[in-house]
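**Q** Numbering (mature numbering (1 follows the signal peptide of the UniProt record, and there is no 0)), first residue to last: -21 to -1, 1 to 913. Each residue gets a CB set at the ideal place from its N, CA and C atoms; glycine is no exception. All figures in this text were calculated on a predicted structure; none of them were measured in a lab. Mind having a look at this structure? Questions to follow.
Have a look at this one:
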């Protein structure tokens, strides 16, 4: 302790105007400054000041002002004249800072100024320590302890309290009080034990005293889970053939921020695999994985798993297992499920046996078979077949697509087996196809086998009937192709071998056939030979050839069918090109079935038709006539209508030709007709038949037409008709008027209407229905029609854009620019007329106030100088929303169909603009919508 001496001189007060001496007063002199230097925070440093009173009066002193960080003891004292006393000044810094100030003593009752002592000192910590401590990432439930070194930088001893400020549950200190000798260093153990995942912070607090400012070390750490995942969680090996193997991989991924330990990777059984009995199936194995090992954060390791069914494995069966990944202490981290299918290839023949039955000598016979993979998917290849057996030399195998061997069998492959017998006898054969899988002979199924047999016999002579004693193509335009059949029927009681069918090699090359089939005809069987005529030049004479039919042997021709045709320059086309009457009854009440057909002139010159006949022997069954009187002329690109009738005389199939004779041509234009009748229908033969019009109808919208139906009853009972409307264009309300077979119908919306005619006989038997179509065409060059779904007032408008702007609201609902309900119905027209011409002025058919339309506006002859705008207006339909459809037609063709949805009354929408170009139109959408339009 340092001492300072301050002398206090007491001087008497002398009155300036009094001769008497006044009372004695004390006076203090200035003091010295006290410098404490550097003092460790929390420690004390003391100095002693000696105060003396040299005066003659008692001096009362007190410490009037003490700077922060300092203490004075005592704070007040009395000094007798001539006496002295010690005062202790203590410096006690509570933080690291300078503490400078003035200690002031005051004399009680004295009017003189106080006396001060300058105090100087500095508080220092005297300790070095790191600013922070980072624990990194620590797993949940784990503890990491790190040391903190604190060192004394002064010669005196230091002590301080240690505590944690912040997350006291996660961080802990191993010391509560630390004492350091001068210059000494010590460590403090700090532990981090997180219980919640995420970042954690706190402070390690070093406090020299309870009232002192602290020193802080920032503590940081993160908590994470040790987490390993598999990618993928399941492996399917698919189908693997026995004796083959397939490898797949899964990854062990460390998705945590911590290193993770894998103690083992093991294969275990799967209870879902009953065949393995809970043990590990021998078909699975792990490759190149050993434990234990550690995975760094974000690292992964691949694990190879192999599925390798052996040849002894059960074919077409599944196997399953699990891979378990274990952590420390054999803890199960996760499982990867394994599954695989053991393939069994199985190639089968469909059919497995081919029976050619009885064959004639010298006849080529052919049958097909399919080799199909009935097992699992595999790379199967079929090699060239091996034929064995007594008849092997008489058979030949080819692929249906004519591809050479080997054949890859993806799913199935079709083959032909041909047989040709050269003598009488049995001809068995076994055909073996070698099987390769993955370019190696299959150990599971080395071959797929097909067996075939044929018996060659000498047949008796055939009884063949050829429906066409001659085939007449008639007049055919040069460069076109016409194909007609020659039907051959076996009328005998035994099978007839057709050895060969051939066209006369000396005949015209304009004839050909792609169905010159040899083979066997069973009794009653019929087959057709398709014969083609393709004239290539005008010769002025008939092209001729013959079809030769051979049976039993190649030396005897059983029939010769003459074939003829004439090349012309006329391009007539019959539609349909074959008039097919189908089945027609021929029981108690035979009746003519009627079919319509047209003949179109596709050439450049008019064609004059002078007559219509039916080819010989067909006149009793078939008839034909023109809808106009003969002769008639068909202009280029025009058509004429005809009708044909068919009345079967017995149960038979009839094919015949209608001959259309042309002026100046020696051969007729031929139209083929066919029909048939038999008793296979049983009771159905007696049901009544509905007869609809032969062709669809086409009429102008809003005109009356007749649905010309009829009823036919094979039992001769009276039958009645009932027409039904099946479907109509949207918005149509038209209904059938009248009853019976011939009611009337007036279409009110452009489009197609479908009807059904039902017939019932007098016993109530409902017969066979028929259906009919009627198409309503627009009236004029421009037709606009609108319909809607909710009954109410919707108005259709058509604006002459030569008179007004469609985008100006005041243009609409005004005469004469707009055609609408007030000026365009009941014979009225906009005034003055558009273009000054009635035919060029629009008209509205009606104003529908309470229905769903349609409303239709027509212009017979539109102007080509300007457009016409279409608008729809919800004048008073409150059943919103109202769905409106507006169809715009040009010359009978639908140009545009525009849907509109009105959500409120008084909405007006401009649909778009149509412009007439003479024969066609263009349409420009608009879409302008005005609300509250009145």
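Report the start-end ranges of each beta strand (DSSP E) in the region 9 to 88 that is 3 residues or longer and not cut off at the edges.
**A** Qualifying beta strand (DSSP E) stretches, in chain order: 13 to 19, 24 to 31, 38 to 44, 49 to 52, 55 to 58, 63 to 70 and 76 to 86.
**Q** Under DSSP, the beta strand (DSSP E) around residue 720 begins and ends at which residues?
**A** Per DSSP, residue 720 belongs to no beta strand (DSSP E) and is neither H nor E.
**Q** Just how far apart, CA to CA, sit residue 610 and residue 589?
**A** Their Cα atoms are separated by approximately 5 Å.
**Q** Counting pairs of Cβ atoms below 8 Å between the region 798 to 814 and the region 762 to 778, do you hit three or more?
**A** Yes: the two stretches touch, three or more of their Cβ pairs being nearer than 8 Å.
**Q** Relative to the alpha-carbon of residue 151, which residue among 252, 124, 327 and 668 has its alpha-carbon at the smallest distance?
**A** The residue with the shortest Cα to Cα distance from residue 151 is 124.
**Q** Using alpha carbons as the reference points, say which of 455, 909, 226 and 549 lies closest to residue 216.
**A** Of the listed residues, the one whose Cα sits closest to residue 216 is 226.
**Q** For residue 834, name the three-state secondary structure that DSSP assigns.
**A** If DSSP states are grouped into helix, strand and coil, residue 834 belongs with the strands.
**Q** Select from 479, 870, 525 and 520 the residue whose C-alpha is nearest the C-alpha of residue 485.
**A** Answer by Cα proximity: 525.
**Q** Given that a residue counts as buried once 16 or more other Cβ atoms are within 10 Å of its Cβ, and exposed if not, what is residue 900?
**A** Residue 900 comes out buried.
**Q** For residue 288, which residues from the same chain have a beta carbon less than 7 Å from its beta carbon, with the 5 sequence-adjacent residues on both sides left out?
**A** Counting only Cβ-Cβ distances below 7 Å, and skipping sequence neighbours, we find 219, 221, 262 and 321.
**Q** Between which two residues does the beta strand (DSSP E) carrying residue 530 extend?
**A** Start and end: 522 to 530.
**Q** Does the beta-carbon of residue 557 have 16 or more other beta-carbons within 10 angstroms, so that it is buried, or is it exposed?
**A** By the neighbour-count rule (16 or more Cβ atoms within 10 Å), residue 557 is not buried but exposed.
**Q** Return the first residue and the last residue of the beta strand (DSSP E) that residue 894 is part of.
**A** That run of the beta strand (DSSP E) goes 887 to 895.
**Q** Counting only the same chain and skipping the five closest in sequence on each side, list residues whose C-beta sits under 7 Å from that of residue 114.
**A** 123, 125, 171, 199 and 200, listed in sequence order.
**Q** Residue 546 to residue 608, Cα distance in whole Å?
**A** In a straight line, the C-alpha of residue 546 is about 27 Å away from that of residue 608.
**Q** Express the C-alpha separation of residue 624 and residue 650 in angstroms, rounding to a whole number.
**A** Those two C-alpha atoms are separated by around 13 Å.
**Q** What do you get for residue 867, buried or exposed, if any count of 16 or more other CB atoms within 10 angstroms of its CB means buried?
**A** Result: buried.
**Q** With distances taken Cα to Cα, identify the nearest neighbour of residue 337 among 253, 207, 381 and 477.
**A** With distances taken between Cα atoms, residue 337 lies closest to 477.
**Q** Grab the span of the beta strand (DSSP E) containing residue 691 for me, first residue to last.
**A** Unbroken beta strand (DSSP E) run through residue 691: 689 to 691.
**Q** Less than 9 Å between the beta carbons of residue 652 and residue 601, yes or no?
**A** Yes; because the gap between Cβ atoms is below 9 Å, this pair is in contact.
**Q** According to DSSP, what are the bridge partners of residue 930?
**A** With the chain covering -21 to 913 only, the question about residue 930 has no answer from this structure.
**Q** Could you say if the region 181 to 192 and the region 133 to 144 meet the contact criterion of at least three C-beta pairs nearer than 8 Å?
**A** Result yes; three or more Cβ-Cβ pairs closer than 8 Å.
**Q** Got a sec, what are the start and stop residues for the beta strand (DSSP E) residue 632 sits in?
**A** Residues 631 to 641.
**Q** Between residue 913 and residue 794, what straight-line distance do the alpha-carbon atoms span, to the nearest angstrom?
**A** Going from the Cα of residue 913 to the Cα of residue 794 covers about 15 Å.
**Q** Is the beta carbon of residue 298 sitting closer than 9 Å to the one on residue 319?
**A** Against a cut-off of 9 Å, the Cβ pair of residue 319 and residue 298 comes out as a contact.
**Q** Where do the ends of the beta strand (DSSP E) carrying residue 194 lie?
**A** Element bounds for residue 194: 194 to 203.
**Q** Excluding five sequence neighbours on each side, which residues of the same chain lie with their C-beta closer than 6 Å to the C-beta of residue 153?
**A** Taken in chain order, the residues that qualify are 168.
**Q** What's the gap between the Cα of residue 893 and the Cα of residue 853?
**A** If I take the Cα positions, the gap works out to 22 Å.
**Q** Going residue by residue through the region 724 to 798, where are the continuous beta strand (DSSP E) segments of at least 3 residues, counting only ones entirely within it?
**A** Segments of the beta strand (DSSP E) lying fully in the region 724 to 798: 730 to 740, 749 to 756, 761 to 767 and 773 to 779.
**Q** Where does residue 372 sit, in a helix, a strand or coil, going by DSSP?
**A** In the structure shown, residue 372 sits in a helix (DSSP, three-state: H, G or I).
**Q** Let me check one thing: in DSSP terms, what residues is residue 498 bridge-paired to?
**A** Answer is 477.
**Q** I'd like to confirm the pairing. Which residues does DSSP put opposite residue 296 in its beta bridges?
**A** Beta-bridge pairing links residue 296 to 321.
**Q** Is it buried or exposed, residue 599, if we count other Cβ atoms within 10 angstroms and call 16 or more buried?
**A** The residue is exposed, with fewer than 16 neighbouring Cβ atoms inside 10 Å.
**Q** My understanding is that residue 239 touches residue 205, with C-beta atoms under 8 Å, so please give their C-beta distance in whole angstroms.
**A** Right, their Cβ atoms sit about 5 Å apart.
**Q** Cβ atoms of residue 895 and residue 822: under 9 Å apart, would you say?
**A** Going by C-beta atoms, residue 822 is not nearer than 9 Å to residue 895.
**Q** Excluding the five sequence neighbours on either side, which residues of its own chain have a C-beta within less than 7 Å of the C-beta of residue 904, listed in chain order?
**A** Answer for residue 904: 891, listed in chain order.
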